[in-house]
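Right, one structure below, let's go through it.
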Amino acid sequence: MNILKFGGTSVGSAKSISALLDVVEASRKKEDCIVVLSAMSGVTNLLLAMAEQAQRGEDYSENLLAIEERHFEVIRTLLPASAQNPVFTKLKIYFNELEDILQAVFNIRELTAQTKDLILSYGERCSAFMVCHIAKQKMANVEAVDGTTLIKTDSNFGQARVHMELSELLISDFYSTKQGKLLIVTGFISSNEEGRVTTLGRGGSDYTAAIWGSALNANEIQIWTDVNGMLTADPRIVEKAFSLSELSYIEAMELSYFGAKVIYPPTMTPAFLKKIPIVIKNTFDADFPGTYIRHDVKKSELPIKGISSIDDISILNLSGSGMVGKAGFSGRLFSLLSREQINVVLITQSSSEHSITFAVKPDDAVKALNLISKEFELELQAKKLEYPEVEKELSVLAIVGENMKHTPGISARLFNALGRNGVNVRAIAQGSSEYNISVILSKSDLSKAVNAVHDAFYADLKKTLHIFCLGTGNIGTELFRQLEKQMPHLAKNNDLQVKVMGISNTKQMYLSNQGLNLENWQPKLQEKSEPADLKLFVKKMKAMNLPNCVFVDNTASANPVNYYKEILESSISIVTCNKIGNSADFEQYRAFKNAARKYGVDFYYETNVGAGLPIIRTLKDLMMSGDKVARIEAILSGTISYIFNNFNGDKQFHTVVKEAQEKGYTEPDPRDDLNGKDFMRKMLILARDAGYPMEATDISIENILPASCLAATSVTEFYQELENNAAYFEDMKTKAANQQQVLRYIGKLENGKVEITLQSVDDSHPFFALSGSDNIISFTTDRYKDRPLVVKGPGAGAEVTAAGVFADIINVGKK
Ligand code: ADP
Ligand code: ASP
Ligand code: MG
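If you read the sequence shown in our numbering, its first letter stands for residue 42, the second for the next number, and so on.
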């Protein structure tokens with residue numbers, strides 16, 4: 042025989058009740074069953090609300106009508122007119138009784154725990170009775186059972202403790218008289234020794250099912266709900282949560298204790314003792330085989346089974362010298378709390394015994410505080426204890442799984458995920474069983490934290506990077522194209538998913554909680570956008586508080602740089618091809634590095650030098666492995682390379698510059714390339730990365746342009762001046778050519794000095810044979826002394842730069 046328990050959502054509407062009855066009918070064909078029912082979804086909450094309204098002397102009639110209507114609507118839909126009356130009549134009787142009780146509460150403005158339980162009991166009584174009558178239309182031999190008298194408890198109203206032996210006896214005696222019948226039993230409600238109605242705690246219908254299952258030695262206790270079993274995390278928080286096929290009783294207990302509402306924690310005990318499997322199934326997806334909670338679970342590959350969370354918790358911290366070495370202090374504290382029925386969710390104690398932190402439900406916090414103040418009055422007065430304070434707006438996140446015991450590095454993975462996402466952990470507790478590690482964190486960080494931890498532990502599920510992109514020029518546009526194209530490959534081979542959550546250019550911005558579809562970002566940015574406002578963009582990005590966040594700056598503007606520090610300090614990584622940040626004040630450069638280190642995020646700027654070529658990374662690797670840079674020689678202006686490589690034949694200088702601009706090699710303003718500024722910035726960044734705290738003014742730059750070109754006030758004027766000076770450039774070219782030499786603009790870092798000079802080199806020079814817009818850089822170091830390490834390749838252009846930005850983004854994702 043099986044117990045089938047249906048939760049509120051499965052009796053929530055006519056449609057779900059039909060689905061429920063289909064399940065029952067199919068089950069009954071295979072095996073005898075007993076059905077345990079919850080109240081219709083939301084009804085227990087409404088009953089509670091009415092009880093409190095009555096106590097406050099407020100009008101509760103609207104809620105009462107709403108409850109009636111919820112039931113009557115179902116009856117009208119699912120029962121033929123001829124069968125409706127007796128059901129209406131009985132329910133009317135229930136509602137009249139309920140109204141009388143509420144009126145009594147209203148009159149005396151007093152609501153005892155006992156009365157509250159009585160009021161709540163109507164939810165289950167109405168639903169069991171109603172569903173039974175609907176079932177009778179389809180099935181024979183159905184009977185509604187008010188289970189109140191069959192489960193006996195103590196008088197702890199609201200969360201009564203069950204007298205197990207007695208209840209089991211009553212249930213099995215009762216059932217022996219009902220063989221062959223389909224019983225539809227009320228969940229959640231029970232009675233004390235005096236026959237007063239008690240309840241088993243919110244969510245307690247699951248427990249009812251387990252008690253019946255245990256009493257009747259059921260084959261299975263089935264919990265039918267509205268999701269596919271127990272998932273790795275609350276599906277309302279983690280989109281990627283997936284169903285677990287099986288769990289041990291302890292794992293299920295721990296997950297549910299820390300908030301996985303899908304099953305009520307005490308349910309596991311009777312099932313565990315009798316080794317009866319619990320199966321969590323979905324009323325609305327009959328094909329889902331269910332999550333099995335049972336004795337002999339197979340060894341799982343998963344490092345943890347799940348992540349659960351309690352979203353509203355308060356903590357109290359007790360500290361002071363009075364606790365150190367005092368045997369019995371914590372005993373006194375926790376017996377006091379238990380005596381007063383305060384449930385302590387979690388406890389941590391520092392190893393110095395100087396402080397104890399414990400977490401309670403917010404409603405209990407002030408009560409606990411008052412109790413402690415009374416109990417420890419003397420210690421507080423003598424200042425041996427600090428006066429404790431309640432901290433609110435906190436949540437608990439717990440990771441659970443029996444494998445944790447055998448797998449090293451679990452907590453490192455947890456804290457790494459939290460740390461990298463800027464989640465501040467207020468307290469930590471690890472159960473001595475090592476089946477769970479729980480942390481307390483700020484409520485506002487909970488969703489980000491659960492998602493980040495989920496990504497960290499279930500890597501196969503594709504970690505999601507949330508990116509916010511500035512700039513929709515050549516590089517930005519190309520990046521989106523590459524991202525869109527590579528998405529399937531990333532998912533398949535890198536277990537990575539990149540979601541663009543926001544885009545802004547100088548005119549418009551668009552942010553979306555769902556992420557943007559890269560196929561049509563352009564029209565979206567036009568139609569759905571708001572006026573660009575960088576400050577607001579950053580504010581909104583921070584407020585979304587998403588895990589694994591990256592801010593991507595594809596502009597050449599100084600404005601975004603003003604926000605870098607703030608962004609890094611919000612635990613958001615930065616990927617940028619914008620050189621301005623790293624090439625302004627050294628102090629600022631250092632501040633970015635420090636912020637990234639302090640907040641455990643990445644600040645990647647590979648494309649600041651040589652576009653996508655691995656230059657910054659190579660230098661970093663050399664430095665990190667203890668090598669010392671003696672000299673760096675480089676041609677790092679793709680534009681100037683292009684110009685000198687193509688400034689031949691009868692082409693004029695200004696035409697070649699224009700060509701370079703058209704090909705997308707130049708900075709948005711070509712003057713930045715030709716006056717050496719762009720090159721200077723790159724050399725400065727390299728020098729800084731090589732360990733020299735240098736400023737731009739420390740770099741000497743040889744001019745390649747005549748004064749009149751440098752003085753041009755606009756790009757058009759600049760081109761005009763280049764044309765006017767055609768003879769000057771021709772002369773430069775012929776002089777070099779006459780000596781079989783070529784012109785090269787070369788940067789050099791040596792002995793802490795950087796200079797950029799225009800040189801005429803012959804074919805013996807390693808930089809002689811350079812084509813197109815290629816960059817070349819040679820590192821002479823302690824290790825690469827005789828033959829330098831050389832990196833060479835295309836060092837400009839939207840495609841390679843975007844690819845470099847892309848690679849940086851992926852590198853953030855790898856951590
Ligand atoms: P019922 O009315 O069937 O008793 P509950 O609302 O009590 O249903 O529990 C089911 C809900 O629990 C799901 O709809 C889901 O939102 C929530 N839930 C929270 N954590 C988990 C989890 N880890 N796995 C499955 N469901 C979860
Ligand atoms: N109806 C009760 C509640 O909402 C019991 C249950 O659904 O399990 O808490
Ligand atoms: Mg439930």
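Idealized CB from N, CA, C, for every residue including glycine.
Can you give me the Cβ contacts of residue i inside the same chain, cut-off strictly under 8 Å, excluding the 5 residues immediately before and after it?
i, result
"A154", "F198, G199"
"K346", "T273, L285, L288, E292, L296, V441, G442, E443, N444"
"T324", "F47, T50, S51, S57, A60, L61, V64, W265, T266, D267"
"T240", "D158, L161, S162, F198, G199, Q200, A201, F229, I230, S231"
"G813", "S682, Y683, N686, P835"
"K661", "D730"
Just to confirm my understanding: we take residue i, look at its own chain, exclude 5 residues before and 5 after, and list those with CB closer than 7 Å. What are they?
i, result
"S360", "H395, S396, E427"
"Y570", "According to the sequence as given, residue 570 is Ser; it is not Tyr. Once the five neighbours on either side are set aside, the close Cβ partners of S570 are Q549, M550, Y551."
"Y216", "L257"
"A409", "L357, L378, I383, V401"
"S341", "N444"
CB-CB under 6 Å to residue i, same chain, minus the five flanking residues each way: which ones, in chain order?
i, result
"P318", "E261, Y333, R335"
"R461", "G641"
"P588", "N462, K489, N492, A493"
"E72", "N43"
"L152", "A92, Q96, V146"
"E416", "L377"
Just mark residue i as buried or exposed, buried being the case when its beta carbon has 16 or more other beta carbons within 10 Å.
i, result
"T130", "exposed"
"V756", "exposed"
"I212", "buried"
"R111", "buried"
"M550", "buried"
"T448", "exposed"
"N534", "exposed"
"S255", "buried"
"G245", "buried"
"R1", "Given that the chain is displayed from residue 42 to residue 856, the structure contains no residue 1 and the question cannot be resolved."
"M665", "exposed"
"R638", "exposed"
"E674", "buried"
State the start and end residues of the unbroken alpha helix (DSSP H) segment that holds residue i.
i, result
"H4", "For residue 4 there is no data in the structure shown, the boundaries of the chain being 42 and 856."
"H174", "154 to 177"
"T239", "Note, T239: premise wrong, no alpha helix (DSSP H); beta strand (DSSP E) at 238 to 240."
"F770", "767 to 779"
"E114", "102 to 119"
"E93", "84 to 97"
"R243", "First-last for R243: undefined, no H or E at that position."
"E492", "In the sequence under discussion, the amino acid at residue 492 is Asn, which differs from the Glu named in the question. It spans 487 to 498 - the alpha helix (DSSP H) in which N492 sits, taken as one unbroken run."
"H695", "694 to 703"
"E235", "No alpha helix (DSSP H) holds E235; DSSP gives it neither H nor E."
"N686", "679 to 687"
On the DSSP letters alone, give me the boundaries of the beta strand (DSSP E) that residue i sits inside.
i, result
"S801", "794 to 802"
"K322", "319 to 323"
"R150", "Looking at the DSSP string, R150 is not in any beta strand (DSSP E), and its letter there is neither H nor E."
"T398", "396 to 401"
"V385", "385 to 390"
Taking the alpha carbon of residue i as the reference point, which residue from the options has its own alpha carbon closest?
i, options, result
"V853", "T617, A169, E708", "T617"
"I736", "A625, K669, K639, L830", "Inspection of the sequence shows that residue 736 is occupied by Glu rather than by Ile. Residue A625 is the option with its Cα nearest to E736."
"I516", "Y706, D730, L143", "Y706"
"I356", "P601, F399, A327", "F399"
"K322", "R277, Q263, L377", "Q263"
"I656", "D100, G845, D536", "G845"
"A181", "G98, E66, T249, R243", "E66"
"K794", "L811, S814, A731, N779", "A731"
"A55", "V698, G98, N603, R117", "R117"
"E791", "N766, I850, A728", "A728"
"K433", "A470, A458, S485", "S485"
"E109", "G512, Q94, E140", "E140"
"D714", "L677, I481, T696", "L677"
"K179", "N766, L120, S391, R631", "L120"
"P747", "Y733, L725, F770, I726", "F770"
Inside the region 524 to 571 only - alpha helix (DSSP H) runs reaching at least 4 residues: Along the region 524 to 571, the alpha helix (DSSP H) occurs as fully enclosed runs of 4 or more residues at 562 to 568, listed in sequence order.
Contiguous alpha helix (DSSP H) assignments of at least 4 residues, all confined to the region 245 to 312: Taking only runs of at least 4 residues, the alpha helix (DSSP H) segments lying wholly in the region 245 to 312 are 246 to 256, 290 to 298.
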